[in-house]
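S.K.: Counting from 1, one number per residue, gives the positions in the sequence shown under UniProt numbering. Where is the CB? At the ideal position from N, CA and C, for every residue including glycine. Take a look at the following structure, please.
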Amino acid sequence: MEVHKAVLLLGLFLFTGFLRSHSQSTDVLEAYIKTDGAWIVKLPKSQYTVNTVEECAVKCNKEVSFTCRSFLYIEKDQDCVTLPANSKTDQILRRMSAALYEKKEYLLECVNGIGMDYRGTKSKTKSGKTCQRWEGTFPHVPNITPRAYPKADLESNFCRNPDGDKGGPWCYTTDPEKRWEHCNIQDCTEECMQCSGENYRGKISTTVSGFTCQRWDSQQPQNHGYLPSALPDKYLEENYCRNPDGEPRPWCFTTSPSKRWEACAIPRCTTEPPTIVPELTCASGEGSSYRGTISVTITGKTCQQWTSQSPHKHSRSPENYPCKGLDGNYCRNPDNERSPWCYTTDPETRWEYCSVPSCGDQPRPEEPVIPQGEECYEGDGSSYRGVMSETISGKKCQFWTSMEPHRHSKTPQNFPKADLRRNLCRNPDGDRAPWCYTTDPTVRWEYCNIERCDNRPNIQEPPAKPAATTPTQSTPAQSTPDQSAPSEKDCKNGNGAEYRGSTSMTVMGVTCQAWRSMTPHQHASFTPETHPDKGLESNQCRNPDSDVNGPWCYTTDPSKKWDYCQIPDCESLKCGQPATKPKRCFGRIVGGCVSKPHSWPWQISLRTRGKIHFCGGTLIDPQWVVTAAHCLERSDSPSAYKIMLGIHTERATESSKQERDVTKIIKGPAGTDIALLKLDRPALINDKVSPVCLPEKDYIVPSNTECYVTGWGETQDTGGEGYLKETGFPVIENKVCNRPSFLNGRVKDHEMCAGNIEGGNDSCQGDSGGPLVCYAQNTFVLQGVTSWGLGCANAMKPGVYTRVSKFVDWIERSIKEN
1 MEVHKAVLLL GLFLFTGFLR SHSQSTDVLE AYIKTDGAWI VKLPKSQYTV
51 NTVEECAVKC NKEVSFTCRS FLYIEKDQDC VTLPANSKTD QILRRMSAAL
101 YEKKEYLLEC VNGIGMDYRG TKSKTKSGKT CQRWEGTFPH VPNITPRAYP
151 KADLESNFCR NPDGDKGGPW CYTTDPEKRW EHCNIQDCTE ECMQCSGENY
201 RGKISTTVSG FTCQRWDSQQ PQNHGYLPSA LPDKYLEENY CRNPDGEPRP
251 WCFTTSPSKR WEACAIPRCT TEPPTIVPEL TCASGEGSSY RGTISVTITG
301 KTCQQWTSQS PHKHSRSPEN YPCKGLDGNY CRNPDNERSP WCYTTDPETR
351 WEYCSVPSCG DQPRPEEPVI PQGEECYEGD GSSYRGVMSE TISGKKCQFW
401 TSMEPHRHSK TPQNFPKADL RRNLCRNPDG DRAPWCYTTD PTVRWEYCNI
451 ERCDNRPNIQ EPPAKPAATT PTQSTPAQST PDQSAPSEKD CKNGNGAEYR
501 GSTSMTVMGV TCQAWRSMTP HQHASFTPET HPDKGLESNQ CRNPDSDVNG
551 PWCYTTDPSK KWDYCQIPDC ESLKCGQPAT KPKRCFGRIV GGCVSKPHSW
601 PWQISLRTRG KIHFCGGTLI DPQWVVTAAH CLERSDSPSA YKIMLGIHTE
651 RATESSKQER DVTKIIKGPA GTDIALLKLD RPALINDKVS PVCLPEKDYI
701 VPSNTECYVT GWGETQDTGG EGYLKETGFP VIENKVCNRP SFLNGRVKDH
751 EMCAGNIEGG NDSCQGDSGG PLVCYAQNTF VLQGVTSWGL GCANAMKPGV
801 YTRVSKFVDW IERSIKEN
């Protein structure tokens with residue numbers, strides 16, 4: 001069974017000014033909040049058959065058997081279930097086909113006017129006394145009872161105002177000396193914040209200096225990664241002040257080009273902040289509830305007092321973070337870090353993480369996690385241990401250790417054998433497939449975007465090609481070719497009989513002989529004259545005999561009469577989708593995680609004429625590579641460089657290797673670290689060499705997005721030298737990366753940060769120019785070019801990458817003009 005999250009201050013952003021009279025609403029559903037995939041089991045209940053969800057809402061509004069606080073609607077069955085419960089009072093379960101609709105008024109935790117419509121769950125008075133149950137008679141015999149006031153919703157011991165008291169909601173108390181007292185409940189119109197404003201949902205949109213806030217869904221004038229669509233749990237609406245990243249108070253980007261962002265002037269509420277259950281001996285998730293007494297860092301340094309500014313000045317004070325338990329010098333996590341930490345008493349070490357035991361036997365969130373397994377699942381997926389963290393509709397998975405935005409019981413502690421690491425898709429409860437809770441507050445859970453292993457196509461080696469036959473004796477195709485107009489793309493439909501692309505090289509890299517030529521190979525079966533409609537005008541690969549294995553050609557190698565060409569299927573010719581699924585490990589390049597061979601097929605090795613590797617690069621087009629401009633400082637001459645593709649080892653001894661010369665170098669605008677290299681001829685696109693996708697113009701990768709860096713660079717004697725290595729780590733928004741404790745304003749708008757703040761995972765020398773790719777919607781997108789950093793894998797010094805989205809126009813224009 002599961003308990004849904006407490007809806008903290010939900011009313012401040014959804015229900016301000018809400019009127020109880022549903023008849024005044026033009027849409028009956030406006031009075032409800034919908035959560036997909038949620039289910040409540042509760043008695044009593046009423047069940048109806050209806051035609052629409054609106055009809056179900058009307059049934060709830062007119063329910064006479066009990067006070068209807070929510071209803072369930074199952075669209076396929078047209079089933080309507082009205083309930084006296086909601087997510088604040090009862091347990092929430094997973095059910096795919098159901099949608100839970102909760103009346104907003106029963107989730108409201110603030111009062112309008114004198115609060116006669118208040119239906120929240122506050123149950124303490126202003127002086128902190130616990131309320132007596134309304135139907136109770138001890139210690140006070142009430143004269144206002146549920147029977148006498150049937151419409152006042154006098155349930156449990158919740159504060160109410162059944163008699164129109166001008167002081168607002170009240171209750172009888174459990175103190176024999178105090179019969180009754182008013183409750184301290186916030187006014188819905190009051191603009192204030194609890195704690196550091198993490199749950200502030202008000203509508204203030206001006207900063208402390210009077211700057212107007214920029215809309216969160218806008219990228220002008222400030223480019224940023226706090227996208228409402230990517231961070232639905234942060235409620236980044238309109239241009240309202242919010243606190244999505246652990247600042248001391250809500251803030252916003254401003255509409256002034258001279259001021260990127262600033263805090264907002266929002267007073268603290270006088271009502272009690274939400275309570276937490278303190279963890280005294282261990283930490284769950286990121287450890288925000290840890291209140292134990294450990295005060296030593298992972299390297300044995302003593303923690304600095306949170307109230308002290310020596311030896312380190314900081315803003316993480318009890319005044320700025322009043323709800324985070326910043327007592328003494330104990331390890332805490334006030335600002336959404338990966339685990340409890342503290343400032344140290346060592347002047348040379350500003351801060352470090354602490355060795356706080358994890359509640360349960362799962363690894364701490366900051367530890368590298370390298371699950372193994374293919375990106376498909378067997379049976380019901382209970383044994384799936386892959387790295388997918390995205391649902392079928394593209395939503396990001398919620399961490400299993402997190403209770404935001406959905407509270408649940410599927411934790412590593414409750415399911416120790418289910419491998420509930422990070423936010424990876426799993427099936428802990430024997431459902432029909434791997435699933436996860438989502439980061440979208442309106443969608444509780446979904447199945448994940450993973451296919452069953454037995455649904456994959458059976459890939460077989462093609463049979464040997466028979467001797468060439470005449471058209472009347474040709475081997476019939478086993479698959480019907482696409483009968484559309486001949487394709488001019490470098491891909492084939494079906495067996496490629498209609499292929500009219502420009503590839504004129506065999507799978508072994510041998511140039512094709514012209515179809516009308518008889519040198520070096522004599523032939524008469526397939527010429528422009530015998531097959532005038534088969535595109536045999538030049539020496540391009542074709543399939544005039546409908547060979548089941550695809551286009552082919554006669555070769556210019558005297559010892560090899562003919563061979564197949566590598567023409568990918570149009571359906572599979574998609575950028576950023578490698579044939580070999582990567583490990584996607586959260587290991588490190590510095591520290592070692594050797595990639596699966598050819599799982600990053602866009603990775604290239606940039607070499608000297610002597611074929612010495614010194615930088616990386618990324619294939620973005622069959623004839624174009626993007627790299628870092630600083631990799632080309634040794635020479636401006638294209639002839640000084642070579643490109644290796646299709647390799648896994650730095651020695652480049654694989655038969656899949658493709659070697660290309662560079663014919664043109666185009667460096668990016670002054671002051672930027674990006675360059676384009678044109679190859680002397682297009683790369684042969686196959687399952688070991690393929691391009692990555694380019695991002696949308698000016699797209700800013702949201703904070704904490706999981707991305708990957710690959711390269712053959714320096715590993716600092718940690719193993720894996722000579723093999724392509726990979727690491728995964730989160731993107732860090734420039735606003736955070738430029739904090740004084742990190743890179744102190746060095747990161748420019750056309751750059752981006754990625755890495756783990758605690759260090760250990762990073763790119764390094766020799767990785768420069770290589771790709772930083774991010775995964776979304778089944779596709780890898782090139783978001784960064786490895787550029788610079790302060791050392792390798794140093795704590796608080798994440799890597800810096802050229803932000804590719806800022807150069808999309810330049811890339812496309814350069815390729816078109818050259």
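From which residue to which residue does the beta strand (DSSP E) around R607 run?
M.R.: Run containing R607: Q603 to T608, per the beta strand (DSSP E) assignment.
S.K.: Just to confirm, is the Cβ distance from C707 to T779 under 7 Å?
M.R.: no
S.K.: For W788, which residues in the same chain have their Cβ closer than 6 Å to its Cβ, ignoring the five residues on either side in sequence?
M.R.: V800
S.K.: Go ahead and pull the three-state DSSP assignment for H613.
M.R.: strand
S.K.: Report the option in D77, C60, R95 and V53 whose CA atom is closest to the CA atom of Y447.
M.R.: R95
S.K.: Suppose the cutoff is 8 Å on Cβ atoms and the five residues either side in sequence are ignored; what does the same chain contact list for F649 look like?
M.R.: Position check: residue 649 holds Thr in this sequence, whereas Phe was assumed. Cβ within range, chain order: G722, Y723 and L724.
S.K.: Is the Cβ-Cβ distance between P691 and Q783 less than 7 Å?
M.R.: no
S.K.: Would you tell me roughly how many angstroms separate the C-alpha atoms of N704 and N549, rounded to the nearest one?
M.R.: 44 Å
S.K.: What whole-angstrom Cβ distance do V785 and I674 have, given they're in contact under 8 Å?
M.R.: 6 Å
S.K.: For G115 and D749, I'd like the C-alpha separation in whole angstroms.
M.R.: 48 Å
S.K.: Using only the alpha-carbon positions, how far apart do residue 850 and Q603 sit?
M.R.: A question about residue 850 goes unanswered here, because the residues of the chain that appear run from 1 up to 818.
S.K.: Near S288, which residues of its chain fall below 6 Å by C-beta distance, leaving aside the five closest residues on each side in sequence?
M.R.: N333
S.K.: To the nearest angstrom, report how far apart G197 and K178 are at their CA atoms.
M.R.: 34 Å
S.K.: Drop a sphere of 10 angstroms on the beta-carbon of V736, count the other beta-carbons inside from all chains shown, and report buried for 16 or more, exposed for fewer.
M.R.: buried
S.K.: Can C195 and P273 be called in contact, C-beta distance under 7 Å?
M.R.: yes
S.K.: In terms of residues, what are the limits of the beta strand (DSSP E) holding D749?
M.R.: Run containing D749: none; DSSP gives neither H nor E here.
S.K.: Any chance the region 334 to 345 sits against the region 202 to 213, with 3 or more Cβ pairs inside 8 Å?
M.R.: At 8 Å Cβ cutoff, the stretches do not touch.
S.K.: Between which two residues does the alpha helix (DSSP H) carrying I685 extend?
M.R.: Note, I685: premise wrong, no alpha helix (DSSP H); not H, not E.
S.K.: In whole angstroms, give me the CA-to-CA distance for G430 and V141.
M.R.: 51 Å
S.K.: Can you say whether Q309 is buried or exposed, counting buried as having 16 or more other CB atoms within 10 angstroms of its CB?
M.R.: Per the 10 Å Cβ criterion, exposed.
S.K.: Look at the alpha carbon of D175 and the alpha carbon of Q398, and state the distance between them as a whole number of angstroms.
M.R.: 43 Å
S.K.: Quickly, what does DSSP pair C397 with across the bridge? List them, please.
M.R.: T438
S.K.: Suppose contacts are defined by Cβ-Cβ distances below 7 Å. Is V709 in contact with L619 by that definition?
M.R.: no
S.K.: Is it true that the CB of Q91 sits closer than 7 Å to the CB of V50?
M.R.: no
S.K.: Suppose contacts are defined by Cβ-Cβ distances below 7 Å. Is E812 in contact with K581 by that definition?
M.R.: With respect to K581, E812 sits apart: the two C-beta atoms are not nearer than 7 Å.
S.K.: So is P798 buried or exposed if we call it buried at 16+ other beta carbons inside 10 Å?
M.R.: buried
S.K.: Assign F138 to buried or exposed, taking buried as 16 or more other Cβ atoms, counted over all protein chains shown, within 10 Å of its Cβ.
M.R.: exposed
S.K.: What does the alpha-carbon distance come out to for the pair D187 and G113?
M.R.: 8 Å
S.K.: Can you check which of these residues, I815, C774 and N818, is closest to residue 821 by C-alpha distance?
M.R.: Lying before the first or after the last residue shown, residue 821 is absent from the chain, which here runs from 1 to 818.
S.K.: Okay, do the region 435 to 452 and the region 397 to 416 touch, 3+ Cβ pairs below 8 Å being the bar?
M.R.: yes
S.K.: So, D380 versus R432, is the Cβ gap smaller than 7 Å?
M.R.: yes
S.K.: Beta carbon of I700, beta carbon of H224: below 7 Å?
M.R.: Yes; because the gap between Cβ atoms is below 7 Å, this pair is in contact.
S.K.: With three or more beta-carbon pairs closer than 8 Å as the criterion, would you say the region 538 to 547 touches the region 499 to 516?
M.R.: yes
S.K.: Starting from the N-terminal side, write out each stretch of the beta strand (DSSP E) that is 3 residues or longer and does not extend beyond the region 66 to 140.
M.R.: Whole beta strand (DSSP E) segments, 3+ residues: 70 to 74, 79 to 83 and 92 to 103.
S.K.: Going by beta-carbon coordinates alone, are V808 and K697 separated by less than 7 Å?
M.R.: yes
S.K.: Let me check understanding here. Comparing Cα to Cα, which of V689, V58 and N184 lies closest to I647?
M.R.: V689
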